[in-house]
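**Student:**
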Amino acid sequence: MNALEHHAPIAVVSHLRQLRSRLLRCLLAIVLLFIGLFPFAQTLYTAISAPLRAFLPAGASMIATSVTSPLMAPFKLTLMLALFVAMPLILHQVWGMVAPVVYRRERRIAIALLVASVTLFYAGMAFAFFLVFPMMFGFFASVTPEGVEMMTDIALYLDFILALFLAFGLAFQIPVATFLVVWAGMIDVQTLSKSRAYVIVGCFVVGMILTPPDVFSQTMLAVPMWLLFEVGLVASRMVSRRGTACNADFNREADTA
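When the count follows the numbering used here, it moves up by one through the sequence shown with no breaks and lands on 257 for the last residue.
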C-alpha cells in the first residue's frame with residue numbers, strides 16, 4: 001500500500017467529521033432561533049397575517065378548521081422563520097466545505113455571489129410581503145361575490161404565503177443565475193440578449209407554475225423576474241467587458257515580452 005492509498009481513508013473520515021460538525025452547527029442554530037422565537041409565535045402569526053386581515057370585512061376574522069391549527073400554524077411559522085433567519089449561517093457552513101477547492105481568484109466572485117444570493121432572497125420575500133400581498137389580497141377581496149364572506153383558514157393561509165415567499169425568493173435569484181451562466185462560459189451575453197423574448201415567455205410560465213392559479217399573482221412574479229433578468233444581463237456585460245480588457249492587457253504584455 002502506497003502513501004496515497006494509506007491517507008485516502010483518513011481524508012474521507014476527516015471530511016465526514018467536518019461535514020457532521022457543520023451540520024450540527026446549522027441544526028443548533030435553527031433550534032436556538034426556534035426556541036428564542038417560539039414565545040412570540042402568536043405575535044409573529046398576527047404580523048404575517050396582517051396583509052389579509054386588512055381586507056377582511058368588518059367583524060370577520062380568520063378561522064381554524066382543525067383542532068390543532070391554533071398551535072401548529074404558529075409552530076410551523078416559527079420553525080420556517082428560524083430556518084430563513086439561519087440561512088446565512090447555513091450557507092456560510094456550505095461555503096466552508098467548498099472554499100478549499102476554489103481558486104483564490106474565484107473566491108472573491110463566489111463570496112460576492114453568495115452575499116448577493118442571500119440578499120436577493122430576503123429582498124424577494126420583502127417584495128412579496130410589502131407590495132404583492134396587499135395588492136393581491138385587495139384584489140381578491142374586491143372580486144369576492146356578493147353574499148360570500150372571506151373566512152380563510154389559518155393553516156391554509158400559512159401554506160399559501162410560505163409558497164409565495166419561496167417563489168419570490170427563488171425568482172429574485174435570476175441576476176445571480178444569469179451572471180453565473182455567463183461567467184462560466186455556458187452562454188455569452190449577446191445570445192442571452194437576443195433570447196429576451198423567450199426569457200419573458202419563460203418568466204410567465206414559471207410564474208404560472210410557482211404561484212396560485214390566478215393571473216394577478218403570476219404577473220406580479222413574472223414582471224420582477226424579467227426586470228431582474230435585465231439586471232443580471234447588465235452585470236454580465238460589465239464583467240464580460242472587464243474580462244475582455246484584462247485579456248487584452250495580458251496579450252499586450254505577452255507580445256511586448
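Every residue gets a Cβ at the ideal spot worked out from N, C-alpha and C, and that includes glycine.
#1: Between which two residues does the alpha helix (DSSP H) carrying F263 extend?
#2: Have a look at L4 and V199 and give me their C-alpha separation to the nearest angstrom.
#3: Count the CB pairs spanning the stretch 221 to 232 and the stretch 166 to 181 that are closer than 8 Å, and state whether there are at least three.
#4: Classify M186: buried if its beta carbon has 16 or more other beta carbons within 10 angstroms, exposed otherwise.
#5: So, helix, strand or coil for I174, using DSSP?
#6: The alpha helix (DSSP H) spanning I111 covers which residue range?
#7: Considering only residues of the same chain and omitting the five flanking positions on each side of L81, which have a CB-CB separation below 7 Å?
#8: Helix, strand or coil: how does DSSP classify I63 here?
#9: Grouping DSSP H, G and I as helix and E and B as strand, with all else coil, what is D188?
#10: Quick one: Cα of L166 to Cα of M125, how far?
#11: Taking the CB atoms as reference points, tell me whether V98 and M220 lie closer together than 7 Å.
#12: Would you kindly report the start and end of the unbroken alpha helix (DSSP H) that includes L56?
#13: Between the alpha carbons of D255 and Y103, how many angstroms are there, rounded?
#14: Determine the contact status of A73 and I161, defining contact as a CB-CB distance below 7 Å.
#15: Which residues in the same chain have their Cβ closer than 6 Å to the Cβ of L113, if we skip the five residues on either side of it in sequence?
**Tutor:** Reading from the atomic positions:
#1: Only positions 1 to 257 of the chain appear in this structure, which leaves residue 263 out of reach.
#2: Model confidence at L4 stands at a pLDDT of 46, short of 50, so the residue's coordinates are unreliable; what they give is reported in the following sentence. Those two C-alpha atoms are separated by around 49 Å.
#3: Result yes; three or more Cβ-Cβ pairs closer than 8 Å.
#4: With fewer than 16 other Cβ atoms within 10 Å, it is exposed.
#5: Helix at I174.
#6: It spans R104 to F127 - the alpha helix (DSSP H) in which I111 sits, taken as one unbroken run.
#7: Counting only residues of its own chain and dropping the five nearest sequence neighbours on each side, L81 has a CB closer than 7 Å to the CB of L37 and L44.
#8: Strand.
#9: In the structure shown, D188 sits in coil (DSSP, three-state: anything other than H, G, I, E or B).
#10: For L166 and M125, the distance between alpha carbons rounds to 7 Å.
#11: Their beta carbons are not under 7 Å apart, which means V98 does not touch M220 by this criterion.
#12: No alpha helix (DSSP H) holds L56; DSSP gives it neither H nor E.
#13: Note that D255 has pLDDT 48, beneath the 50 cutoff, so the model's placement of it is unreliable and the number below is only indicative. Roughly 27 Å separates the two Cα atoms.
#14: Result no, Cβ atoms of A73 and I161 do not sit closer than 7 Å.
#15: Only residues of its own chain outside the window of five on either side were considered, and among them V176 have a CB closer than 6 Å to the CB of L113, listed in chain order.
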